[in-house]
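Counting the sequence shown from 1 gives a position; the working numbering is that position plus 4.
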Amino acid sequence: MAQARRVNLPNNIVVGPTAWQRLWLWVPILWGTDLLLKFWVSSQLAYAERINLMPIFDLTLLHNRGAAFSFLADQGGWQRWFFSLIGILVAGWLVHWLRRTPISQKILAYGLIALLSGALGNLTERIVNGYVVDYLLFYWHPYYFPAFNLADTLICLGAAALLLDMWLNRAEQP
Numbered sequence: 005m006a007q008a009r010r011v012n013l014p015n016n017i018v019v020g021p022t023a024w025q026r027l028w029l030w031v032p033i034l035w036g037t038d039l040l041l042k043f044w045v046s047s048q049l050a051y052a053e054r055i056n057l058m059p060i061f062d063l064t065l066l067h068n069r070g071a072a073f074s075f076l077a078d079q080g081g082w083q084r085w086f087f088s089l090i091g092i093l094v095a096g097w098l099v100h101w102l103r104r105t106p107i108s109q110k111i112l113a114y115g116l117i118a119l120l121s122g123a124l125g126n127l128t129e130r131i132v133n134g135y136v137v138d139y140l141l142f143y144w145h146p147y148y149f150p151a152f153n154l155a156d157t158l159i160c161l162g163a164a165a166l167l168l169d170m171w172l173n174r175a176e177q178p
């Protein structure tokens, strides 16, 4: 029986995924989770149907043809391509920024990953369907927060991480 040989690799050769590869892996995971949740909600609920899960929280199915808080939703269709173009430009800019970010800046890197994943989730929906599926609805009668989705949550968390990173590193900035 042949015996396995042990090979000593030089220190500069990396075996297995690098820290950056593991970090980038989060993009398709979060993006895919967002799309799967939107698909699941769309297949389980009728439009505008609400399922009460908690006294202040409902699961619903709404279609947002505009941007955040349905901005420009009633404009006749041109906004689909306008917001898609903005989404493509933003996603490209985030990829560029993320590639230039040192892995040691973890808060910034994870914030950019969250922003990119959320942007890609909403961009995919907008291009494919012409709208973004929103399904999370929080309220405190009679006040309602606009319905949102996982991608919107990722965008908000990513923006918060960028602000935190700026605040923590403010002494280093000129």
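Virtual Cβ for every residue (Gly too), placed ideally from N, Cα, C.
What you are looking at is a predicted structure, and each value in this text was computed from that prediction instead of being measured.
Would you mind sorting residue i into buried or exposed? The rule is 16 or more other CB atoms within 10 Å of its CB.
{"i": "GLU129", "result": "buried"}
{"i": "TRP164", "result": "Note that residue 164 is Ala in the sequence shown here, rather than Trp. By the 10 Å Cβ count, ALA164 comes out exposed."}
{"i": "GLY96", "result": "exposed"}
{"i": "ALA113", "result": "buried"}
{"i": "LEU93", "result": "exposed"}
{"i": "ALA175", "result": "exposed"}
{"i": "LEU57", "result": "exposed"}
Give a yes or no on whether the C-beta atoms belonging to residue i and residue j are separated by under 8 Å.
{"i": "ALA50", "j": "THR64", "result": "no"}
{"i": "GLY125", "j": "LEU166", "result": "no"}
{"i": "LEU119", "j": "LEU140", "result": "no"}
{"i": "ILE111", "j": "LEU172", "result": "yes"}
What residue range is occupied by the uninterrupted alpha helix (DSSP H) comprising residue i?
{"i": "ASN133", "result": "110–133"}
{"i": "PHE142", "result": "Note, PHE142: premise wrong, no alpha helix (DSSP H); beta strand (DSSP E) at 136–144."}
{"i": "PHE152", "result": "PHE152 -> no alpha helix (DSSP H), and no H or E assigned at all."}
Skipping 5 residues on each side, what residues in its chain have a beta carbon closer than 7 Å to that of residue i?
{"i": "ILE131", "result": "SER88"}
{"i": "VAL18", "result": "With a pLDDT of only 48 at VAL18, under the threshold of 50, the placement of this residue in the model should not be trusted; the figure read from the coordinates follows. Excluding residues within five positions, none has a Cβ falling inside 7 Å."}
{"i": "GLY91", "result": "ALA123, ASN126, LEU127 and ARG130"}
{"i": "SER46", "result": "LEU65 and VAL137"}
{"i": "TRP144", "result": "ILE60"}
For a cutoff of 8 Å on Cβ pairs, would you count residue i as touching chain B?
{"i": "LEU166", "result": "Looking at the structure shown, chain B is missing, and only one protein chain is on hand."}
I'd like the list of long-range same chain contacts for residue i, defined as Cβ closer than 6 Å, with 5 residues on each side in sequence excluded.
{"i": "TRP35", "result": "SER121, LEU124 and GLY125"}
{"i": "ILE55", "result": "LEU63"}
{"i": "PHE61", "result": "PHE142"}
{"i": "TRP30", "result": "ILE117"}
{"i": "LEU161", "result": "ALA118"}
What first and last residue would you give for the beta strand (DSSP E) that runs through residue i?
{"i": "LEU39", "result": "Premise fails: LEU39 lies in the alpha helix (DSSP H), 30–48, not in any beta strand (DSSP E)."}
{"i": "THR22", "result": "Looking at the DSSP string, THR22 is not in any beta strand (DSSP E), and its letter there is neither H nor E."}
{"i": "ILE55", "result": "54–58"}
{"i": "ASN68", "result": "61–68"}
Give me the Cβ distance between residue i and residue j, rounded to the nearest whole Å; I'm assuming they're in contact under 8 Å.
{"i": "PHE152", "j": "ASP138", "result": "5 Å"}
Looking only at its chain, what residues have a beta carbon closer than 8 Å to the beta carbon of residue i, apart from the 5 residues adjacent to it on each side?
{"i": "TRP101", "result": "LEU116"}
{"i": "TRP24", "result": "ILE107"}
{"i": "LEU158", "result": "LEU34, ASP38, ALA118, LEU119, SER121, GLY122 and GLY125"}
{"i": "LEU27", "result": "ILE107, ALA113, TYR114 and ILE117"}
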